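Protein chains in written order, with this note's numbering: chain H, 1 to 347; chain Y, 1001 to 1556. Report on the structure given below.
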């Protein structure tokens, strides 16, 4: 009797295509795999020890061989042994795991930033240069890339198994993750947090390209406007520039250079201005009132999409002077024709 | 069977009869069961109803596995698949695993083990069963009306704003079933404190009582938080109170905190009573007291205590602060230690014993093997950096099935076989049940071990369709599930058969030391003719030998 062809087919498929871990395509992948292998060694050794105890005792003290049991109370020494040794191993795993966690979640300062918006059931990526893509992410090899992510509806989770990187994408708050891809290729992108009907369809490709290929891709897929340029338009059209003029007497705080600064708040605390803070301050201004200002700003809750929000945040992040704010203000306040060349005179 | 390799000691089958009066035949008719206050009858009611829900949950599991046989989502629609795994989780956790050991074996045995006639509040005990049925009824109602697809975790805002399935009906089911377990827990705590027989000190209690006591504390303290979380979900869904809605100033992560504050301890609520079964069985079949009795007893209490402070390890990737991630990871490592202590104490109970290998013992060996893997893979997930890649994949599915199914279900089946003669007065067929135990073990490994690998490869959980490269491992898993299904169906058949044709068991077929084995099988409604006075520690086999000798000289 030969082996059944179906079974044979599966066996060859298993032997030729299945691996024990996915391809290592980021700088942290190897470090994650090292801990993984250590943990399996711990499991195998622990398992072998327990198995050996069970088998040896079962053979040695089975009733045929050992008809009368000898009562033993216990042993403090043994109890201490199997308390302290596992505790030591687990604490070692804790330290190793914590070290890895901070490596994976604390982005280096020189990371390039890409925004991700998750919604039922697609991933939208927004590059600073204005490139948009859906269910795909193009990144250059060998660069630190940070993703700033937010969900427009329910919890999602951005997972790239080949990078060993994953982070929850949450409605109403930015979360970040970073990686440095080490091998060009196309990798899986999964949503791993159950998000409704087409959860398993919320997948895509992460394409890692050599720096030159990436540059070619960036140049060919630009939509003409960068995120900050979109943000500038919104800033004017939503009337932000009316109050945030940058003047000493302005009704709103000066936004130039505010990103990354420490802001004195009305309630006496100090707040670091981050992406998340800017977002919260626009949506819920009265709860984020800087010292010395009146709570007169209206809420923009429900008036800006998450993409628009990202544009605004990106614009404010890059705002170094108020020259252009005042220029646009001048055009909108007076009915006179403004100098048409204003776009080109960035100081 | 030769006496060299078994401890089974049955009365002479030609003359043996079931006791004339016992709790089963004392009263007749359906009403005498439905209105009973006898803890043993209520235990049998539970056993009957949780078996029904186990079959239902098993059916859903089967459908999930059949869908995953092929990479494309071709057997059922995505929504249907989502309902299948949701209903599988809800039914198995709230209607099978949580009540399994405490409400059946615990209900039956705790009063007898401590030398009492019943639980402290027999009518509340019956009420618990009706509440459980109420929970079951609402679950079935939501199923019949069209099902629910939130996942058993009810993640907000998905469950509150984005689904139009029967969330409220299911939430009601869980809310009601929760009170069933709160009342059961209360009943156990009061009973164990107040109703122990004279001489039954805390450190003479069988370890089964200790572990159910620890689980009861968790039920009473944890379940109300789940009830609150569920009510908030319902209010948010119906009137939009906005506790979890960021657009109204709510915090969606708050739900995760509330939910896991119960649902992580729930894991221990499920597994602790199982630990108790393992202690009883392993002692009986090695004729030896449990090694390090106090260490095993206190490790249960330690688990109950630490178990409440590890919930946020379900949220490491959700943007909790770095400090809380560190603290919760550390506490998670600490809670792994008492489980390790237990495993080694059980292994050393065998040392210098006189071991036999009846079915409950086979299940216990299965338990120790599978629970060790389940427990150690939990350390993978408790380790912060490792958790990032593993969480929300099939690795975590494999991990909790090793603990809940490989651990808890094996312990439950060990207990059912072990106490079957006491509950029914008849033996199960030994050969057949050993075959079932081994089948279950093999089927289990084949089903769930491949999921560790496919999870590390990256396959997310709750996926209706998946990339083709994961197929081989999924086929293995589905193949294993069919073997596992056979392993679970067998006991149903032969235990049913044994009710009529099983050998008469007599009072103490295993020659075990617990008080429950010193009375007739099945017991009288009052359990004891006179309340026993306890002068021996648990697992005192010399006391038992001495007592048997005396009985032979006086009676025989």
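Backbone N, C-alpha and C fix where the C-beta goes; we use that ideal spot for every residue, glycine too. Remember, predicted model here, so these are calculated numbers, not experimental data.
- In the structure shown, residue 249/H adopts coil according to DSSP, grouped into three states.
- For the segment 254-300 of chain H, the continuous beta strand (DSSP E) assignments of 3+ residues that do not extend past its boundaries occur at 262-264 and 270-272, in sequence order.
- Among the CB atoms of chain Y, none fall inside 8 Å of the CB of residue 113/H.
- Closest in alpha carbon position to residue 165/H, among 7/H, 24/H and 307/H, is 24/H.
- Sorting 1117/Y, 1084/Y and 1130/Y by C-alpha distance to the C-alpha of residue 1144/Y places 1084/Y at the top.
- Taken in chain order, the members of the segment 1278-1303 of chain Y whose beta-carbon sits within less than 7 Å of a beta-carbon on chain H are 1286, 1287, 1288, 1289, 1291, 1292, 1293 and 1295.
- Using a 10 angstroms sphere on the CB of residue 1196/Y, the tally of other CB atoms reaches 16 or more, which defines it as buried.
- The bridge partners DSSP lists for residue 191/H are 158/H.
- As for any beta strand (DSSP E) of minimum length 3 sitting wholly inside the segment 162-214 of chain H, the runs are 165-169, 175-180, 185-191 and 204-209, ordered along the chain.
- The three-state secondary structure of residue 123/H, taken from DSSP, is strand.
- Residue 1428/Y sits in coil when the DSSP states are folded into three classes, being neither helix nor strand.
- A straight-line Cα-Cα distance of about 24 Å links residue 51/H and residue 1477/Y.
- For residue 124/H, no Cβ of chain Y is located within less than 8 Å of the residue's own Cβ.
- No residue range can be given for residue 1526/Y, since it is assigned to no alpha helix (DSSP H) and is classified by DSSP as neither H nor E.
- The alpha carbon of residue 1121/Y has as its nearest neighbour, out of 1005/Y, 1453/Y, 1038/Y and 1090/Y, the alpha carbon of 1038/Y.
- Residue environment: residue 1530/Y is assigned as exposed (fewer than 16 neighbouring CB atoms within 10 Å of its CB, all protein chains considered).
- The C-beta separation of residue 1437/Y from residue 1278/Y comes to about 14 Å, leaving the pair out of contact by the 8 Å criterion.
- Beta-carbon to beta-carbon, residue 1158/Y and residue 1150/Y are separated by about 6 Å, close enough to satisfy the 8 Å threshold.
- Under the 10 Å beta carbon count, residue 192/H is surrounded by 16 or more other beta carbons and is classified as buried.
- Runs of the alpha helix (DSSP H) lying entirely within the segment 1373-1423 of chain Y, each at least 4 residues long, are 1384-1390 and 1394-1401 in chain order.
- Setting aside the 5 residues that flank it on each side, residue 1126/Y is surrounded in the same chain by 1035, 1036, 1037 and 1042, each with a C-beta closer than 8 Å to its C-beta; the list follows chain order.
- Counting of Cβ neighbours within 10 angstroms places residue 5/H among the exposed residues, the total staying below 16.
- Around residue 135/H, the same chain offers 122, 123 and 204 as residues with beta carbons nearer than 6 Å, after the five sequence neighbours per side are excluded.
- By the beta-carbon neighbour count (other beta carbons within 10 angstroms, threshold 16), residue 1060/Y is buried.
- Taking CB atoms only, residue 155/H has a neighbour in chain Y less than 8 Å away.
- If you check the CB distance, residue 1318/Y and residue 1394/Y do not come in under 8 Å.
- Per the DSSP secondary-structure output, residue 136/H pairs in a beta bridge with 205/H.
- Per DSSP, the beta-bridge partners of residue 145/H are 112/H and 179/H.
- If the five residues before and after residue 109/H are omitted, its C-beta is found closer than 8 Å to no C-beta atom of its own chain.
- Non-local beta-carbon contacts of residue 138/H in its own chain, meaning distances under 7 Å to residues more than five positions away in sequence, involve 207, 209, 214 and 217 in chain order.
- Beta-bridge annotation (DSSP): residue 62/H is paired with 1355/Y.
- When the five nearest sequence neighbours on each side are left out, the beta carbons in the same chain lying within less than 8 Å of the beta carbon of residue 1294/Y are those of 1203, in order along the chain.
- Bounds of the alpha helix (DSSP H) holding residue 242/H are 240-243.
- Taking C-alpha positions only, residue 253/H is separated from residue 113/H by approximately 26 Å.
- Here the C-alpha atom of residue 1101/Y lies approximately 43 Å from the C-alpha atom of residue 150/H.
- The beta carbon of residue 189/H sits no closer than 8 Å to any beta carbon of chain Y.
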